[in-house]
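Participant: Protein sequence lines, in the order shown, are assigned to chains A and B. In this text, residue positions in the first sequence follow the working numbering: the first is -7, and each later residue adds one. In this text, residue positions in the second sequence follow the working numbering: the first is -7, and each later residue adds one. To start, I am sharing the structure in question, which I have written as structure tokens.
2 protein chains.
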Amino acid sequence: MDRDKKISTAVIRRLPKYYRYLKELLRKGIYKTSSKELSQMTGFSASQIRQDLNNFGGFGQQGFGYDVYNLSSEIGKIIGADKNYKIIIVGAGNIGQAIANYTGFYENGYDVVAIFDKNPKLIGLSLRNVTIQDIDEIDTFLSQNYVDLGVICTPKNAAQTTADSMVQNGIKGIWNFAPTDIRVPDDVALENVHLNESLFSLTYYYNKNTTKAD
Amino acid sequence: MDRDKKISTAVIRRLPKYYRYLKELLRKGIYKTSSKELSQMTGFSASQIRQDLNNFGGFGQQGFGYDVYNLSSEIGKIIGADKNYKIIIVGAGNIGQAIANYTGFYENGYDVVAIFDKNPKLIGLSLRNVTIQDIDEIDTFLSQNYVDLGVICTPKNAAQTTADSMVQNGIKGIWNFAPTDIRVPDDVALENVHLNESLFSLTYYYNKNTTKAD
DNA sequence: TAGATTGTTAATCGATTAACAATC
DNA sequence: TAGATTGTTAATCGATTAACAATC
């Protein structure tokens, strides 16, 4: 397999879904599956599933199918689900708190090691045993503690400076919930969750379905 | 323009971003723009922007560009940003609370008219003046109140029954935050926000950048 | 072995980019 | 008018689907 083959983001976005269904099969005690079965579960075509998986190697066995445990383990490695991550959250408003309190995080190897905010009313409070610190402490904290990922839950006007601060302190992955586009160097992974845009996409289809064509 | 021309979801997902930047231009008092300028702001190619917009009509003027107010208003109509929506939230845990408390909602014409949960500790509490009701009341409530959109913030095992209940009571748009796939009829708009999958996508690129190639 | 299902190449489809005539 | 920029067609690129030889 060509190490440097360019994998499209469309492929990458399907992998977590495969992973989710494979984990579900394991929970049900099912240890064998096929691209056809995965197709029925995920809604993606069997052909596409085989193409996707073969970007990363031949995980199946001709004539047989896929070993669920093996395949989920391989996909887990690809998407990084096999690792633990130290995370900081900047912005302890609605979304920041929701992220900090989300237990799925802890179960999946994500460890929130610090939370920052600039609101004095929030500083000093704790979410899941992590005390909210003054945002002014972020540089000091990051210079003393290794952190994998930063989550931006600030208002949009603070998003870019927050990102800059993370980048300057060596963070290489940013999950951005602020409703704005931020700029980061090429070697920093960035994933945006733009809820506003998601909602407008919903209302587009909602109106398309409900508005009478005259 | 062909009324029934199929517009790809890729196009639809770009529209809110155009809308966001156009609103920003208006705030800055800029009333004229071009596909070239929009390209610099959004990162999409000028050609693509013109193609996208011309799916819905000729909003520009040859030799001149686009009137910002007019274009934002037209895009707003397309994505439904010009309307108000009555919303219910089911599940008042971390995410449900964050959504309910999100003020951007109210500013943009979204009105949370009811919140439901099954946890007795939450029932009776209020978020932004909306009292959390027992989930068992949902059918009664929906039979008596018109609601546009339903937001699912339940654990995954309750997501499908929640969706079914919304659909049976005539809700035509669902915003799903539960980490599972739900099935709805074709005439119901569905938008999934799968944070787990978003996070795995981030860790994929994070590991790709940070893991040394040997 | 025969049947099943992968891995992979080839064909198709759709989306993006390029080019340019229209026109303000 | 000349310059600028759209709207739109054509060309290119990439992603998905189809097909099938390999093989368990």
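By construction, the Cβ of each residue, glycine as well, lies at the ideal position given by its N, Cα and C atoms.
Just list the alpha helix (DSSP H) runs in the stretch 129 to 160 of chain A, keeping only unbroken ones of 4 residues or longer that don't cross its boundaries, in chain order.
Facilitator: 130 to 136, 148 to 160
Participant: Give me the chain A residues within the contact set of T202 of chain B, using Cβ-Cβ distance strictly less than 7 Å, ordered along the chain.
Facilitator: Counted from its first residue, the second sequence places residue 202 of chain B at position 210. Identification of chain A residues near T202 of chain B by a Cβ-Cβ cut-off of 7 Å yields K164, ordered along the chain.
Participant: Comparing the C-beta of R5 of chain B with each C-beta of chain A, is any distance below 8 Å?
Facilitator: Counted from its first residue, the second sequence places residue 5 of chain B at position 13. Taking Cβ atoms only, chain A reaches closer than 8 Å to R5 of chain B, which makes this a yes.
Participant: Got a sec: which bits of the stretch 34 to 55 of chain A sit with their beta carbon under 9 Å from any beta carbon on chain B, in order along the chain?
Facilitator: T34, G35
Participant: Can you give me, in chain order, the residues of the stretch 159 to 190 of chain A that have a beta carbon less than 9 Å from any beta carbon in chain B?
Facilitator: K164, G165, I166, W167, P171, T172, D173, D178, D179, V180, A181, L182, E183, N184, V185, H186, L187, N188, E189, S190
Participant: Please go through the same chain and pick out, in chain order, the residues whose beta-carbon is closer than 7 Å to the beta-carbon of L17 of chain A, but skip the five residues on each side of it.
Facilitator: As a first step, residue 17 of chain A must be located in the first sequence, where it is residue number 25. Taking L17 of chain A as the centre and dropping the five residues before and after it, the same chain places the C-beta of T25, V60 closer than 7 Å to its C-beta, in chain order.
Participant: Between B:K69, B:I(-1), B:Y58, B:A38, which has its C-alpha nearest T195 of chain A's C-alpha?
Facilitator: The residue you call residue 195 of chain A lines up with position 203 of the first sequence. The candidate whose alpha carbon is nearest that of T195 of chain A is B:K69.
Participant: Could one say the Cβ of D140 of chain B lies closer than 8 Å to chain A's Cβ atoms, at least one of them?
Facilitator: As a position in the second sequence, residue 140 of chain B is number 148, starting the count at 1. Closer than 8 Å to some Cβ of chain A, the Cβ of D140 of chain B qualifies, so yes.
Participant: Can you give, in chain order, each stretch of the beta strand (DSSP E) that sits fully within the stretch 38 to 108 of chain B and has at least 3 residues?
Facilitator: 57 to 59, 77 to 82
Participant: Residues of chain B with CB under 9 Å from K9 of chain A, in chain order?
Facilitator: Position 17 of the first sequence holds residue 9 of chain A. Those are D173, H186, E189, listed as they occur along chain B.
Participant: Looking at N168 of chain A and A151 of chain A, is the spacing between their C-beta atoms short of 8 Å?
Facilitator: Stepping through the first sequence from its first residue, residue 151 of chain A is reached at position 159. Stepping through the first sequence from its first residue, residue 168 of chain A is reached at position 176. Against a cut-off of 8 Å, the Cβ pair of N168 of chain A and A151 of chain A comes out as a contact.
Participant: With distances taken Cα to Cα, identify the nearest neighbour of P8 of chain A among A:I41, A:K20, A:K(-3).
Facilitator: For the purposes of this step, residue 8 of chain A is identified with residue 16 of the first sequence, where counting begins at 1. Cα-wise, what sits closest to P8 of chain A is A:I41.
Participant: Determine, for Y98 of chain B, whether the minimum Cβ-Cβ distance to residues of chain A falls below 8 Å.
Facilitator: Here residue 98 of chain B refers to the residue found at position 106 when the second sequence is read from its first residue. By this cut-off, Y98 of chain B is not an interface position.
Participant: Counting only beta-carbon separations shorter than 8 Å, does Q89 of chain B have a partner in chain A?
Facilitator: Here residue 89 of chain B refers to the residue found at position 97 of the second sequence. Chain A, which has a Cβ nearer than 8 Å to the Cβ of Q89 of chain B, makes this yes.
Participant: Just the chain B side, please: which residues come within less than 9 Å of L194 of chain A by C-beta, in chain order?
Facilitator: Taking the first residue of the first sequence as position 1, residue 194 of chain A is located at position 202. What L194 of chain A touches in chain B: G72, L141, G165, I166, W167, A181, L182, E183.
Participant: With a threshold of 8 Å between beta carbons, is N199 of chain A in contact with chain B?
Facilitator: Position 207 of the first sequence, counted from the start, is the residue given in the question as residue 199 of chain A. So, interface residue.
Participant: Would you say N62 of chain A reaches chain B, if we count a Cβ-Cβ gap shorter than 8 Å as a contact?
Facilitator: Taking the first sequence and counting its residues from 1, one reaches residue 62 of chain A at position 70. Not one chain B Cβ lies under 8 Å of N62 of chain A.
Participant: Could you say if the stretch 1 to 15 of chain B and the stretch 100 to 109 of chain B meet the contact criterion of at least three C-beta pairs nearer than 8 Å?
Facilitator: No, they do not touch.
Participant: By the three-class DSSP mapping on this structure, what secondary structure does V3 of chain B have?
Facilitator: As a position in the second sequence, residue 3 of chain B is number 11, starting the count at 1. Helix at V3 of chain B.
Participant: Assuming G88 of chain B contacts I107 of chain B under a Cβ cut-off of 8 Å, what Cβ separation, rounded to an integer in Å, is found between them?
Facilitator: For the purposes of this step, residue 88 of chain B is taken as residue 96 along the second sequence, with counting starting at 1. For the purposes of this step, residue 107 of chain B is taken as residue 115 along the second sequence, with counting starting at 1. About 7 Å separates the two Cβ atoms, so the contact holds.
Participant: Taking 8 Å as the CB-CB limit, is N86 of chain B close to chain A?
Facilitator: As a first step, residue 86 of chain B is located in the second sequence; it is residue number 94 there, counting from the start. Interface residue, yes.
Participant: Going by the beta-carbon positions, is the gap between G162 of chain B and I80 of chain B smaller than 8 Å?
Facilitator: Here residue 162 of chain B is taken as the residue at index 170 of the second sequence, counted from 1. Here residue 80 of chain B is taken as the residue at index 88 of the second sequence, counted from 1. Their beta carbons are not under 8 Å apart, which means G162 of chain B does not touch I80 of chain B by this criterion.
Participant: Identify the continuous alpha helix (DSSP H) that holds T172 of chain B and give its terminal residues.
Facilitator: Here residue 172 of chain B corresponds to residue number 180 of the second sequence, with the count starting at 1. Counting along the chain, T172 of chain B sits inside no alpha helix (DSSP H), nor does DSSP assign it H or E at all.
Participant: How would you write the range of the alpha helix (DSSP H) that L30 of chain A sits in, first residue to last?
Facilitator: Locating residue 30 of chain A in the first sequence gives position 38, counting from the first residue. Unbroken alpha helix (DSSP H) run through L30 of chain A: 27 to 34.
Participant: In chain A, which residues lie less than 7 Å from N93 of chain B when you measure between Cβ atoms?
Facilitator: In the second sequence, the residue the question calls residue 93 of chain B occupies position 101. Those within 7 Å of N93 of chain B in chain A are N86.
Participant: Using three-state DSSP, classify T203 of chain A as helix, strand or coil.
Facilitator: Position 211 of the first sequence, counted from the start, is the residue given in the question as residue 203 of chain A. Coil.
Participant: Checking contacts by CB at 8 Å: is Y23 of chain B closer than that to chain A?
Facilitator: If you number the second sequence from 1, residue 23 of chain B lands on position 31. Chain A, which has no Cβ nearer than 8 Å to the Cβ of Y23 of chain B, makes this no.
Participant: If you compare alpha carbons, which of B:T132, B:D109, B:S31 is closest to V122 of chain B?
Facilitator: Within the second sequence, the letter at position 130 stands for residue 122 of chain B. The shortest C-alpha to C-alpha distance from V122 of chain B to any of B:T132, B:D109, B:S31 is the one to B:D109.
Participant: Give me whichever residues DSSP pairs with L182 of chain A in a beta bridge.
Facilitator: As a position in the first sequence, residue 182 of chain A is number 190, starting the count at 1. A:I166, per the DSSP bridge assignment.
Participant: Which value, in whole angstroms, describes the spacing of the CA atoms of V176 of chain A and M33 of chain B?
Facilitator: Counting from 1 along the first sequence, the entry for residue 176 of chain A is found at position 184. Counting from 1 along the second sequence, the entry for residue 33 of chain B is found at position 41. Between V176 of chain A and M33 of chain B, the C-alpha separation is close to 15 Å.
Participant: Cα-Cα, which of B:T1, B:S65, B:S31 is closest to Y23 of chain B?
Facilitator: Residue 23 of chain B sits at position 31 when you count from the first residue of the second sequence. That would be B:S65, whose Cα lies nearest to the Cα of Y23 of chain B.
Participant: May I have the straight-line CA-CA distance separating Q54 of chain A from S27 of chain A, to the nearest angstrom?
Facilitator: As a first step, residue 54 of chain A is located in the first sequence; it is residue number 62 there, counting from the start. As a first step, residue 27 of chain A is located in the first sequence; it is residue number 35 there, counting from the start. Taking the straight line from one Cα to the other gives about 11 Å.
Participant: Taking Q125 of chain B as the reference, give the member of B:I115, B:F56, B:Y197 with the closest Cα.
Facilitator: For the purposes of this step, residue 125 of chain B is taken as the residue at position 133 of the second sequence. The shortest C-alpha separation from Q125 of chain B is found at B:I115.
Participant: Near D178 of chain B, what residues of its chain come up, given a Cβ to Cβ distance below 6 Å and the 5 sequence neighbours on each side ignored?
Facilitator: If you number the second sequence from 1, residue 178 of chain B lands on position 186. If we look at D178 of chain B and ignore the five residues flanking it on each side, it has no Cβ neighbours.
Participant: Check each candidate in B:G49, B:L14, B:I127, B:K164 and name the one with the smallest Cα separation from P112 of chain B.
Facilitator: Walking along the second sequence from the start, residue 112 of chain B turns up at place 120. Checked all of B:G49, B:L14, B:I127, B:K164; the closest Cα to P112 of chain B is B:I127.
Participant: In chain A, which residues lie less than 7 Å from Y58 of chain B when you measure between Cβ atoms?
Facilitator: Taking the second sequence and counting its residues from 1, one reaches residue 58 of chain B at position 66. Chain A residues near Y58 of chain B: none, gap ~19 Å exceeds 7 Å.
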